[in-house]
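If you count by my numbering, then the sequence shown holds residues 127 to 392, one letter each, in order.
Idealized CB from N, CA, C, for every residue including glycine.
So the structure is just underneath, and the comments pick up after that.
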Amino acid sequence: MSQSEQSPVFMFDNSDPEMQRAYEAARRSFRYFWREIAWERRRIIPALGLACVKAPFTDDKRASSKKPEVEHMWIGEIDFDGETVHGELLNNPNWLTSVKAGDAAHIPLPHISDWMYSFGDEVYGAYSVNLMRSRMPANELRGHDEAWGLNFGNPRQIRVVPPEYFKDSQGTAGGVPEEHPMSINMAPSLETQLAKSPQMVHETNDRGWTFLHHEALAGNYSTVKILLEFEADPNARTAEGRTPLGLARSLAWEKVAAILIRAGAK
127 MSQSEQSPVF MFDNSDPEMQ RAYEAARRSF RYFWREIAWE RRRIIPALGL
177 ACVKAPFTDD KRASSKKPEV EHMWIGEIDF DGETVHGELL NNPNWLTSVK
227 AGDAAHIPLP HISDWMYSFG DEVYGAYSVN LMRSRMPANE LRGHDEAWGL
277 NFGNPRQIRV VPPEYFKDSQ GTAGGVPEEH PMSINMAPSL ETQLAKSPQM
327 VHETNDRGWT FLHHEALAGN YSTVKILLEF EADPNARTAE GRTPLGLARS
377 LAWEKVAAIL IRAGAK
């Protein structure tokens with residue numbers, strides 16, 4: 127669905143306990159979405175067809191009391207700093223008047239309501255979407271999926287990562303591989319690269335982020351381990367004062383947090 131197209135309207139009760147649980151499940155698993163985005167940025171050939179986060183928006187004043195106060199909409203071009211999800215609205219709203227497609231959005235992580243990404247036409251995540259799909263009659267379900275042009279699969283079974291990720295997994299947490307396969311597979315080449323250019327571990331971007339900050343936030347245990355072996359500073363602070371340990375903990379990467387603590391992180 128392009129940014130210029132209007133989102134199809136599929137109504138649901140925002141106070142529905144099942145929907146609230148879907149939102150909470152999406153927030154808890156956001157780390158797997160962010161891990162995928164972090165690796166997508168490093169791929170020479172992009173693999174993701176879609177990567178977006180849903181969040182609630184509201185007008186300061188409603189034009190009509192008959193219209194919903196809150197509209198949940200998708201944002202793309204996602205970035206994440208350990209606290210806030212940044213992006214831009216993908217579609218024009220159906221009811222709201224204070225925002226439009228292309229507007230910048232800055233959403234605290236506890237306020238997001240869903241996420242999804244796709245490999246080819248296969249969708250991963252989409253907790254609230256699949257709850258709505260599970261309640262649709264067959265003809266409405268077909269119309270929904272055709273509007274997106276994607277394969278959401280069985281609405282009762284949320285897919286978090288592609289099945290091939292389990293092949294290279296060195297353990298799972300909550301039924302999901304603990305580490306992205308690219309982190310495992312690329313660790314030897316990173317070690318070779320750092321042996322040639324050890325100063326890389328101390329380089330920062332314009333926000334003061336080191337390689338270790340990025341890898342900690344993405345939950346990449348194998349690469350974090352190598353960076354620490356090459357004397358990356360476990361207590362380095364970004365311009366906003368964030369540390370690798372704080373970033374790892376922001377997404378509950380406990381294995382990464384543990385190795386940072388062993389290296390002296392505070």
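- Contact between the region 159-177 and the region 243-251 is present: 3 or more CB-CB pairs across the two stretches fall below 8 Å.
- Cβ contact annotation for residue 178 (same chain, cutoff 8 Å, sequence separation greater than five): 200, 201, 202, 204, 213, 216, 241, 242 and 243, in chain order.
- Fewer than three pairs of CB atoms, one per stretch, sit closer than 8 Å, so the region 306-314 makes no contact with the region 324-334.
- Taking a C-beta distance under 9 Å as the contact criterion, residue 254 and residue 149 qualify as a contact pair.
- One alpha carbon belongs to residue 367, the other to residue 361, and they sit about 10 Å apart.
- In the structure shown, the three-state DSSP call for residue 321 is helix.
- Taking a C-beta distance under 9 Å as the contact criterion, residue 157 and residue 371 do not qualify as a contact pair.
- In the structure shown, the three-state DSSP call for residue 150 is helix.
- Distances from the alpha-carbon of residue 346 to those of 326, 365, 382 and 358 put 382 closest.
- Counting only unbroken stretches of 3 or more residues, the beta strand (DSSP E) elements lying wholly within the region 211-298 are 230-234, 240-245 and 248-251, in sequence order.
- Counting every other CB atom within 10 Å of its CB across the protein chains shown gives residue 256 a total of 16 or more, marking it as buried.
- Assignment of residue 337 by DSSP, reduced to helix, strand and coil, places it in the helix class.
- Classified as exposed, residue 210 has fewer than 16 neighbouring CB atoms from the shown chains inside 10 Å of its CB.
- CA-CA distance, residue 196 to residue 388, rounds to 45 Å.
- Each residue's CA atom was taken as its position, placing residue 392 and residue 274 some 45 Å apart.
- Assigned with DSSP and collapsed to three states, residue 174 falls in strand.
- For the set 252, 348, 234 and 373, the Cα lying nearest the Cα of residue 276 is the one of 252.
- Residues 278 of the same chain have their beta carbon placed closer than 7 Å to that of residue 271, with the five preceding and five following residues left out of the count.
- Cβ contact annotation for residue 185 (same chain, cutoff 7 Å, sequence separation greater than five): 222, 223 and 224, in chain order.
- The beta carbon of residue 356 lies closer than 6 Å to those of 320, 324 and 327 in the same chain, with the five residues before and after it left out.
- The beta carbons of residue 343 and residue 373 sit closer together than 9 Å.
- Around the C-beta of residue 230, fewer than 16 other C-beta atoms lie within 10 Å, and the residue is accordingly described as exposed.
- One alpha carbon belongs to residue 247, the other to residue 175, and they sit about 7 Å apart.
- For residue 197, the enclosing beta strand (DSSP E) begins and ends at 196-206.
- DSSP, read as helix, strand or coil, puts residue 369 in coil.
- The shortest C-alpha to C-alpha distance from residue 262 to any of 280, 249 and 292 is the one to 280.
- Exposure of residue 226 is indicated by the presence of fewer than 16 other C-beta atoms within 10 angstroms of its C-beta.
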